[in-house]
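**Q** Pasting a structure here, questions to come.
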Amino acid sequence: GPTINCTSNNNIIVNVFNQIDQPLLFTWHGIQQRKASWQDGMPGDMCPILPGTNFTYKMQFKDQIGTFFYYPSIGMQRAAGAYGLISIHSRPLIPVPFDPPADDFGVLVGDWYTKDHTVLAKNLDTGKGIGRPAGLLINGKNEKDASNPPMFNVEEGKTYRFRVCNVGIKTTLNVRIQGHVLKLVEMEGSHTVQNEYDSMDVHIGQCLSFLSTANQKPGDYFFIASTRFIKGVSTITAVMRYKGSNTPPAAKLPDAPDGWAWSINQWRSFRWNLTASAARPNPQGSYHYGQINITRTIKLSPSRGKVDGKERYALNGVSHTDPETPLKLAEYFNATKGVFEYNLVTDTPPKEGTPIKVAPSVITAEHRTYIEIVFENPEKSIDTFHLDGYAFFACSMGPGLWTVESRKTYNLLDTVSRHTIQVYPRSWTAVMLTFDNAGMWNLRSNLWERYYLGEQLYVSCTSPARSLRDEYNMPDNSLRCGKVVGMPLPPPYTIA
Numbered sequence: 001g002p003t004i005n006c007t008s009n010n011n012i013i014v015n016v017f018n019q020i021d022q023p024l025l026f027t028w029h030g031i032q033q034r035k036a037s038w039q040d041g042m043p044g045d046m047c048p049i050l051p052g053t054n055f056t057y058k059m060q061f062k063d064q065i066g067t068f069f070y071y072p073s074i075g076m077q078r079a080a081g082a083y084g085l086i087s088i089h090s091r092p093l094i095p096v097p098f099d100p101p102a103d104d105f106g107v108l109v110g111d112w113y114t115k116d117h118t119v120l121a122k123n124l125d126t127g128k129g130i131g132r133p134a135g136l137l138i139n140g141k142n143e144k145d146a147s148n149p150p151m152f153n154v155e156e157g158k159t160y161r162f163r164v165c166n167v168g169i170k171t172t173l174n175v176r177i178q179g180h181v182l183k184l185v186e187m188e189g190s191h192t193v194q195n196e197y198d199s200m201d202v203h204i205g206q207c208l209s210f211l212s213t214a215n216q217k218p219g220d221y222f223f224i225a226s227t228r229f230i231k232g233v234s235t236i237t238a239v240m241r242y243k244g245s246n247t248p249p250a251a252k253l254p255d256a257p258d259g260w261a262w263s264i265n266q267w268r269s270f271r272w273n274l275t276a277s278a279a280r281p282n283p284q285g286s287y288h289y290g291q292i293n294i295t296r297t298i299k300l301s302p303s304r305g306k307v308d309g310k311e312r313y314a315l316n317g318v319s320h321t322d323p324e325t326p327l328k329l330a331e332y333f334n335a336t337k338g339v340f341e342y343n344l345v346t347d348t349p350p351k352e353g354t355p356i357k358v359a360p361s362v363i364t365a366e367h368r369t370y371i372e373i374v375f376e377n378p379e380k381s382i383d384t385f386h387l388d389g390y391a392f393f394a395c396s397m398g399p400g401l402w403t404v405e406s407r408k409t410y411n412l413l414d415t416v417s418r419h420t421i422q423v424y425p426r427s428w429t430a431v432m433l434t435f436d437n438a439g440m441w442n443l444r445s446n447l448w449e450r451y452y453l454g455e456q457l458y459v460s461c462t463s464p465a466r467s468l469r470d471e472y473n474m475p476d477n478s479l480r481c482g483k484v485v486g487m488p489l490p491p492p493y494t495i496a
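Numbering of the sequence shown is given in the UniProt record's numbering, commencing with residue 1 and proceeding in unit increments.
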């Protein structure tokens with residue numbers, strides 16, 4: 001899809017014409033939609049855009065800078081593509097902690113399945129998996145198309161920004177450029193300490209920016225992405241060409257790192273740039289997240305099992321399913337009866353062997369409270385989690401099960417504020433955040449077969465004041481479906 005190239009606080013209008021034969025929604029991965037979960041584009045927030053109709057998203061990219069992306073959120077449609085880059089630039093008066101690059105390249109990398117998304121969904125519905133991907137894509141192009149003509153054109157001595165997102169549905173990817181150093185500068189909306197790397201792991205749903213200087217002998221060089229942590233490594237290349245070059249790239253590709261330890265150690269090297277400004281003039285480090293008292297701990301553990309003969313994934317024993325009436329609309333119209341119950345998921349995982357319950361899964365979070373969320377991964381494979389509406393501080397991760405003693409390992413000073421985090425096999429990851437964005441927000445696994453089979457939930461964060469300071473009213477053009485069709489609008493929020 002087209003790139004959305006904008007500046008912090010811009011108002012964005014996207015008119016979506018649904019010309020396919022299925023309902024459609026787009027979600028804006030990492031965009032916080034301040035006070036406006038109505039526009040978040042998840043099935044729990046919005047009615048789908050029906051075939052042959054159109055819908056206009058009206059959004060403000062409030063107080064955010066950095067690299068994000070969008071994609072279709074219904075079913076397995078994400079596997080079919082239709083994703084695009086979102087680049088949010090700083091306002092002119094906000095200092096950026098690096099010189100303007102000579103060019104700014106968007107790089108959407110991901111795994112690729114040759115089977116149609118409807119076939120993948122049918123396989124999952126009948127208890128099968130989706131298997132390993134057939135290959136990889138860079139900006140929607142396969143190996144042959146990505147390498148010819150060159151995808152990235154550079155000039156000797158100049159520095160370039162590469163905005164990289166893993167838009168896949170199954171595999172972690174490692175990216176690198178033949179003979180060139182990658183200087184990390186931004187990650188999911190945060191400026192980072194500018195460490196240099198030979199290669200970088202990008203987990204599903206994650207985005208980052210690095211600078212690379214064209215300081216090698218003029219010629220062609222490969223930009224490389226390859227799979228991590230699965231049997232049978234897949235690799236794809238695209239050509240970066242120096243101006244005037246007629247020298248083909250070297251045939252030997254630099255190897256990707258091997259094993260989990262390298263990836264974990266790289267994550268530990270990422271640091272928040274405390275002196276840099278992000279979307280606002282004040283330095284990022286002026287927010288002292290490590291000094292705020294934790295009011296609640298939610299420990300989430302995925303599980304899987306058969307329910308009525310079908311494979312399901314769950315969080316704390318509940319496997320989410322989307323009702324006909326979007327959760328946000330049911331809540332707003334006070335029509336939750338028969339649609340969903342709050343807090344079927346408790347703050348601690350159930351005992352091992354507890355049967356999985358299939359139901360809409362919504363937990364509540366008190367507005368403006370500071371909450372610790374611990375993700376535990378009992379599986380032998382990596383998982384990644386994303387929370388809509390927020391950025392969080394991923395303060396630590398470790399092997400085995402989390403305990404209160406694990407807090408002694410927390411980085412309470414300069415961990416990166418971000419929206420998506422990996423959880424390594426048989427390990428835990430802890431994040432902390434203030435639930436200050438009223439709305440209904442999806443928390444999900446980015447492994448899309450797990451998402452599809454129920455490894456997700458929604459967090460309802462409501463403002464008791466019903467004030468426009470905390471949440472906007474439902475937009476006039478919001479679609480209605482399910483129980484709320486024809487219902488009178490509730491009293492509007494006011495500036496109270």
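Cβ coordinates follow ideal geometry from the N, Cα and C atoms, glycine included.
Note that the coordinates shown come from a computational prediction; the quantities given were computed from them, not determined experimentally.
Count the other CB atoms, across all protein chains shown, that sit within 10 Å of the CB of Gln291; report buried if there are 16 or more and exposed otherwise.
**A** Locating residue 291 in the sequence shown gives position 291, where the first residue counts as 1. By the 10 Å Cβ count, Gln291 comes out exposed.
**Q** Would you mind listing the alpha helix (DSSP H) stretches within the UniProt domain "Plastocyanin-like" (325-462) that are 4+ residues and don't spill past its ends, in chain order?
**A** Those alpha helix (DSSP H) runs which fall completely within the UniProt domain "Plastocyanin-like" (325-462) and span 4+ residues are 327-332, 448-452.
**Q** Within the same chain, show all residues whose beta-carbon is closer than 7 Å to that of Pro95, passing over the 5 residues directly before and after it, in chain order.
**A** If you number the sequence shown from 1, residue 95 lands on position 95. Hits under 7 Å: Ser277.
**Q** Return the chain-ordered list of same chain residues with a C-beta closer than 7 Å to the C-beta of Asn15, the five sequence neighbours on each side being excluded.
**A** Your numbering for residue 15 matches position 15 in the sequence shown. Excluding residues within five positions, the ones whose Cβ falls inside 7 Å are Asn54, Thr56.
**Q** Under a CB-based cut-off of 8 Å, is His191 close to chain C?
**A** Given the protein chain composition of this structure (a single chain), no chain C is represented.
**Q** Please report the straight-line C-alpha distance between Gly140 and Lys380, rounded to a whole angstrom.
**A** Counted from its first residue, the sequence shown places residue 140 at position 140. Counted from its first residue, the sequence shown places residue 380 at position 380. One C-alpha to the other measures close to 30 Å.
**Q** Which full runs of the alpha helix (DSSP H) of 4+ residues lie inside the UniProt domain "Plastocyanin-like" (106-245), going along the chain?
**A** Listed in chain order, they are 117-125, 143-147.
**Q** Where does Asn273 fall in DSSP's three states?
**A** The residue labelled residue 273 in the question sits at position 273 within the sequence shown. In the structure shown, Asn273 sits in coil (DSSP, three-state: anything other than H, G, I, E or B).
**Q** Tell me whether Ile12 sits in a helix, a strand or coil according to DSSP, three-state version.
**A** Indexing the sequence shown from 1 puts residue 12 at position 12. Ile12: strand per DSSP, three-state reduction.
**Q** Alpha carbons only, please: which of Ser460, Leu433, Ile13 is nearest the one belonging to Glu372?
**A** Here residue 372 refers to the residue found at position 372 of the sequence shown. Among Ser460, Leu433, Ile13, the Cα nearest to that of Glu372 belongs to Leu433.
**Q** Quick one, which of Asn174, Leu124, Asn9, Leu25 has its alpha-carbon nearest His89's?
**A** Start at 1 with the first residue of the sequence shown, and residue 89 comes out as number 89. Of the candidates Asn174, Leu124, Asn9, Leu25, the one whose C-alpha sits nearest the C-alpha of His89 is Asn9.
**Q** Can you round the beta-carbon distance between Val358 and Gly454 to whole angstroms, since I take them to be within the 8 Å contact cut?
**A** Here the question's residue 358 lines up with position 358 in the sequence shown. Here the question's residue 454 lines up with position 454 in the sequence shown. About 7 Å separates the two Cβ atoms, so the contact holds.
**Q** Assuming Thr275 and Pro283 make a contact with CB atoms under 8 Å, what is their CB distance in whole Å?
**A** If you number the sequence shown from 1, residue 275 lands on position 275. If you number the sequence shown from 1, residue 283 lands on position 283. Confirmed, Cβ separation roughly 5 Å.
**Q** Taking the alpha carbon of Phe26 as the reference point, which residue from Gly44, Thr7, Lys35, Asn11 has its own alpha carbon closest?
**A** Within the sequence shown, residue 26 is the residue found at index 26, counting from 1. The option with the nearest alpha carbon to Phe26 is Gly44.
**Q** From Ala251 to Asn142, what does the alpha carbon distance come to, in whole angstroms?
**A** Looking up residue 251 in the sequence shown gives position 251. Looking up residue 142 in the sequence shown gives position 142. Each residue's alpha carbon lies about 18 Å from the other.
**Q** Return the first residue and the last residue of the beta strand (DSSP E) that Glu311 is part of.
**A** Along the sequence shown, read from residue 1 onward, the residue named residue 311 stands at position 311. Unbroken beta strand (DSSP E) run through Glu311: 310-315.
**Q** Between which two residues does the beta strand (DSSP E) carrying Gln60 extend?
**A** Taking the first residue of the sequence shown as 1, we reach residue 60 at position 60. Its beta strand (DSSP E) spans residues 54-60.
**Q** Contact between the stretch 168-184 and the stretch 18-36: three or more CB pairs below 8 Å?
**A** Because the criterion of three Cβ pairs below 8 Å is not met, the stretch 168-184 and the stretch 18-36 do not touch.
**Q** Under 8 Å: do the stretch 388-404 and the stretch 341-351 share three or more Cβ pairs, one atom per stretch?
**A** Not touching, per the Cβ criterion.
**Q** Give me, in chain order, the residues of the same chain whose beta-carbon lies closer than 6 Å to that of Pro133; leave out the 5 immediate sequence neighbours on both sides.
**A** Along the sequence shown, one-based indexing puts residue 133 at 133. So the list reads Asp111, Trp112, Tyr113, Lys170, once near-sequence residues are dropped.
**Q** Between Asn377 and Gly486, what straight-line distance do the alpha-carbon atoms span, to the nearest angstrom?
**A** Residue 377 sits at position 377 when you count from the first residue of the sequence shown. Residue 486 sits at position 486 when you count from the first residue of the sequence shown. Between Asn377 and Gly486, the C-alpha separation is close to 43 Å.
**Q** In chain order, what residues of the same chain have a beta carbon less than 7 Å from the beta carbon of Ile495, not counting five sequence neighbours either side?
**A** Mapped onto the sequence shown, residue 495 falls at position 495. Closer than 7 Å at Cβ, skipping near neighbours: Ser467, Leu468, Arg469.
**Q** DSSP beta-bridge partners for Asn477?
**A** On the sequence shown, position 477 is the one that residue 477 refers to. Answer is none; Asn477 lacks a bridge partner.
**Q** Check each candidate in Phe17, Cys461, Gly219, Arg78 and name the one with the smallest Cα separation from His180.
**A** Here the question's residue 180 lines up with position 180 in the sequence shown. Answer by Cα proximity: Gly219.
**Q** Sort Leu412, Leu413, Asp63, Ser396 by Cα distance to Ile421 and report the nearest one.
**A** Locating residue 421 in the sequence shown gives position 421, where the first residue counts as 1. Ranking Leu412, Leu413, Asp63, Ser396 by Cα distance to Ile421 puts Ser396 first.
**Q** Using alpha carbons as the reference points, say which of Ser463, Pro490, Cys461, Pro464 lies closest to Pro475.
**A** Locating residue 475 in the sequence shown gives position 475, counting from the first residue. Minimum Cα distance to Pro475 is reached at Pro490.
**Q** Excluding five sequence neighbours on each side, which residues of the same chain lie with their C-beta closer than 6 Å to the C-beta of Val193?
**A** Start at 1 with the first residue of the sequence shown, and residue 193 comes out as number 193. Same-chain partners within the cutoff: Arg271, Asn273.
**Q** Can you tell me whether Ile49 is helix, strand or coil according to DSSP?
**A** Start at 1 with the first residue of the sequence shown, and residue 49 comes out as number 49. Strand at Ile49.
**Q** So, with DSSP's three-state summary, where would you put Asn265?
**A** Sequence index remark: in the sequence shown, residue 265 carries index 265 (1-based). Of the three classes helix, strand and coil, the one that applies to Asn265 here is helix, per DSSP.
**Q** Measuring straight from C-alpha to C-alpha, what distance separates Thr297 and Leu387?
**A** Position 297 of the sequence shown, counting from 1, holds the residue named residue 297. Position 387 of the sequence shown, counting from 1, holds the residue named residue 387. About 16 Å.
**Q** Leaving aside the five residues before and after Tyr458 along the sequence, list all residues of the same chain whose C-beta is less than 6 Å from its C-beta, in chain order.
**A** As a working note, residue 458 is residue 458 in the sequence shown. Once the five neighbours on either side are set aside, the close Cβ partners of Tyr458 are Gly44, Leu327, Val362, Met440, Asn442.
**Q** Three or more C-beta pairs under 8 Å: does that hold for the stretch 203-221 against the stretch 233-250?
**A** Touching, yes, given that three or more Cβ pairs across the two stretches are closer than 8 Å.
**Q** Which residues share a DSSP beta bridge with Pro72?
**A** Translated into the one-based positions of the sequence shown, residue 72 becomes position 72. Paired residues: Phe26.
**Q** Determine whether the beta carbon atoms of Thr7 and Gly106 lie at a separation below 8 Å.
**A** Numbered from its first residue, the sequence shown carries residue 7 at position 7. Numbered from its first residue, the sequence shown carries residue 106 at position 106. Contact flag unset, no.
**Q** Using a 10 Å radius around the Cβ and a threshold of 16 neighbouring Cβ atoms, would you call Ile13 buried or exposed?
**A** Position 13 of the sequence shown holds residue 13. Exposed: under 16 other Cβ atoms inside 10 Å.
**Q** Put Gly290 into one of helix, strand or coil per three-state DSSP.
**A** Counted from its first residue, the sequence shown places residue 290 at position 290. Helix at Gly290.
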